[in-house]
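Quick note on numbering: UniProt numbering labels position 379 of the sequence shown as 379, and the sequence is numbered without any gaps. These notes are about the structure you will find just below.
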Amino acid sequence: MQTTLEPKTSFEVSNKGFYGHFGGAFIPEMLYPNVEELRQNYLKIIADPAFQAEFWQLLEEYVGRPTPLFLAKRLSAHIGATIYLKREDLCHTGAHKINNTIGQILVAQRLGKQRIVAETGAGQHGVATATVCALMGLECIVYMGSIDMERQKPNVDRMRMLGAKVVPATSGSQTLKDATNEAMRHWINNPIDTHYIIGSVVGPHPYPDMVARFQSVISEEVKKQLFAKTGNENPDYVVACVGGGSNAAGAFYHYLNEPTVRLVAAEAAGQGVSSGHSAATTALGKPGVLHGSRTILMQTEDGQVTEPYSISAGLDYPGIGPLHAHLFESGRGDFYAITDDEALQAGFQLSKLEGIIPALETAHALAALEKMNLNADDVVVVCLSGRGDKDLSTYSKFL
């Protein structure tokens with residue numbers, strides 16, 4: 001039987017929830033019972049053969065896995081290397097987010113929860129959550145920054161059509177960070193019957209580990225598919241965008257302990273790393289605590305969280321997951337800062353070369369290819385984490 005529990009790697013979370021110096025569970029006392037209930041049960045629940053059978057049945061028959069690994073011939077010729085695209089944009093709901101949502105809702109059911117609360121930036125996680133709640137007959141409440149609700153209106157409409165209540169977060173920058181704050185407050189006030197589905201590899205332990213395990217289906221499939229196509233399961237590079245970093249964690253997971261495979265993360269530099277309008281966390285951030293874990297985040301000299309900016313709502317986040325902070329600090333990962341203009345250019349380029357319109361988040365990963373000084377014999381896998389339908393209103397301003 002397939003499992004999300006293997007392999008063990010040196011980058012696996014510790015018993016206390018840390019990746020190197022990053023991670024843990026820095027939470028208010030009122031949130032402790034919720035997090036502790038999850039921490040004590042999630043591995044046992046995931047390991048249950050009945051859970052594994054239901055999880056994989058839904059991934060195959062509802063999500064449409066395995067997603068294709070596509071050789072992008074015209075993009076490869078343009079870049080000067082062999083480029084494969086892992087087509088997570090072809091998942092039901094149009095992004096990788098549903099891999100995690102299905103897993104967490106199955107966990108929530110086994111914990112006896114009747115209500116699901118979530119946060120969303122680009123709306124992809126919110127749509128995935130609303131979709132699976134509809135499938136399972138659970139109440140769904142999604143918090144979303146009011147600015148994000150305007151720039152991702154199609155996804156707001158989709159969530160409402162699926163029966164979810166979408167609540168605008170109107171504080172702060174009115175984006176993902178503030179939506180996350182509001183969702184956590186809701187969870188604190190409704191600890192008994194509610195499960196909070198975090199959409200990325202952020203938050204207090206065990207969320208980063210649990211989300212990474214559910215998203216690890218991406219790299220598990222890549223290994224098998226690349227071997228079938230090339231006779232070698234390991235590429236030279238795996239590339240993914242990083243806001244919180246869930247698609248990157250999934251794409252990297254089974255390569256974490258493969259030192260010949262370089263792990264490449266693309267962050268959002270917005271209008272430029274030094275412009276004051278950026279979300280390039282590793283370039284601008286330093287260690288601190290954000291949303292319940294110690295990680296690298298953008299902050300002022302006195303520790304206040306800096307408002308992030310990116311043209312892509314899904315990367316508009318002032319920190320990164322603790323696993324990615326560890327990859328950055330240890331040198332295991334290469335981090336690139338991609339501006340709005342570079343991402344837009346990469347998005348238009350893939351559309352014209354391969355007939356695939358990528359999400360703006362994914363376009364950041366594609367833009368990193370231009371900066372990597374690739375050789376002609378390099379094999380690269382790019383995680384195509386979402387489709388660009390939701391971003392057409394933004395793309396259309398630059399046509």
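Don't be surprised by glycine CBs; every beta carbon is placed ideally from N, CA and C. Being a predicted model, the structure only gives us computed values, none of them experimental.
By Cβ distance below 7 angstroms, which residues in the same chain neighbour residue i in space, the five residues on each side in sequence not counted?
i: F70; result: Y84, L85 and R87
i: E354; result: A72, R74 and L75
i: T3; result: With a pLDDT of only 42 at T3, under 50, the local geometry of the prediction cannot be trusted, and the value read off the model is given with reservation. So the qualifying residues of the chain are Q52.
i: D193; result: K113, Q114 and R115
i: M1; result: In this prediction, M1 has a pLDDT of 35, which is less than 50 and means its spatial position is unreliable; what the coordinates show is noted afterwards. If we look at M1 and ignore the five residues flanking it on each side, its Cβ neighbours are P49 and Q52.
i: G244; result: S200, V201, V202, Y317, I320 and G321
i: A183; result: V117, A118, E119, Y143 and Y196
i: F18; result: G24
i: K223; result: E233 and H254
i: T300; result: T306
i: S219; result: G250, A251, F252, Y253, H254 and Y255
What are the boundary residues of the beta strand (DSSP E) that includes residue i?
i: I197; result: T194 to I197
i: V381; result: V379 to L384
i: L69; result: L69 to L71
i: K165; result: K165 to A169
i: A240; result: Y237 to C241
How far does the alpha helix (DSSP H) with residue i in it reach, from first residue to last?
i: S246; result: S246 to F252
i: R185; result: L176 to N189
i: V217; result: V217 to T230
i: Y395; result: L392 to Y395
i: V156; result: K153 to M161
i: A368; result: L360 to A368
Return the chain-ordered list of same chain residues with a C-beta closer than 8 angstroms to the C-beta of residue i, the five sequence neighbours on each side being excluded.
i: E6; result: Confidence in E6 is poor, its pLDDT being 43 and thus under 50, which makes the residue's placement unreliable; the coordinate value appears in the next sentence. Closer than 8 angstroms at Cβ, skipping near neighbours: no residue.
i: A283; result: E267, A269, V273, F335 and A337
i: P33; result: P191
i: F22; result: P287, S293, R294, T295, I296, P322, L323, A325, H326 and E329
If you drop the 5 nearest sequence neighbours on each side, which residues of the same chain put their C-beta closer than 6 angstroms to that of residue i?
i: Q109; result: none
i: F214; result: N99, N100 and G103
i: L59; result: R65
i: N247; result: H96, A240, C383 and S385
i: L366; result: A346 and L350
i: Q225; result: L69
i: Q124; result: A95, K97 and G386
i: L290; result: L297 and G319
i: D302; result: none
i: G172; result: D178
i: E258; result: N234
For a quick check, are the C-beta atoms of residue i and residue j less than 8 angstroms apart?
i: E139; j: I102; result: no
i: A325; j: A343; result: no
i: I357; j: G386; result: no
i: S146; j: A122; result: no
i: G333; j: A265; result: yes
i: V132; j: M144; result: no
i: S312; j: L360; result: yes
i: V202; j: A212; result: no
i: A130; j: L162; result: yes
i: Y395; j: G347; result: yes
i: I188; j: M30; result: yes
i: A128; j: T93; result: yes
i: D148; j: Y237; result: no
i: Q152; j: K397; result: no
i: P206; j: Y42; result: yes
i: residue 462; j: L369; result: What is shown of the chain runs 1 to 399, which leaves residue 462 out entirely.
i: V107; j: I45; result: yes
i: E37; j: L111; result: yes
i: R160; j: V167; result: no
i: V381; j: A81; result: no
i: E221; j: T67; result: yes
i: A164; j: I198; result: no
Using a Cβ cut-off of 8 angstroms (strictly closer), state whether residue i contacts chain D.
i: I320; result: Going by chain labels, chain D is absent from the structure shown, which holds only one protein chain.
Original post:
Can at least three beta-carbon pairs, one atom from the stretch 221-237 and one from the stretch 276-287, be found at a separation below 8 angstroms?
Top reply: no
Subject >> Segments of 4+ residues assigned as alpha helix (DSSP H) that fall wholly inside the stretch 5-64 >> reply: 32-47 and 49-58
**OP:** Identify every run of the beta strand (DSSP E) within the stretch 73-143, keeping only runs that are complete inside it and at least 3 residues long; order them along the chain.
**Re:** 82-87 and 115-120
Original post:
Counting only runs that start and end within the stretch 268-345, where is the alpha helix (DSSP H) found for 4 or more residues in a row?
Top reply: 281-284 and 322-330
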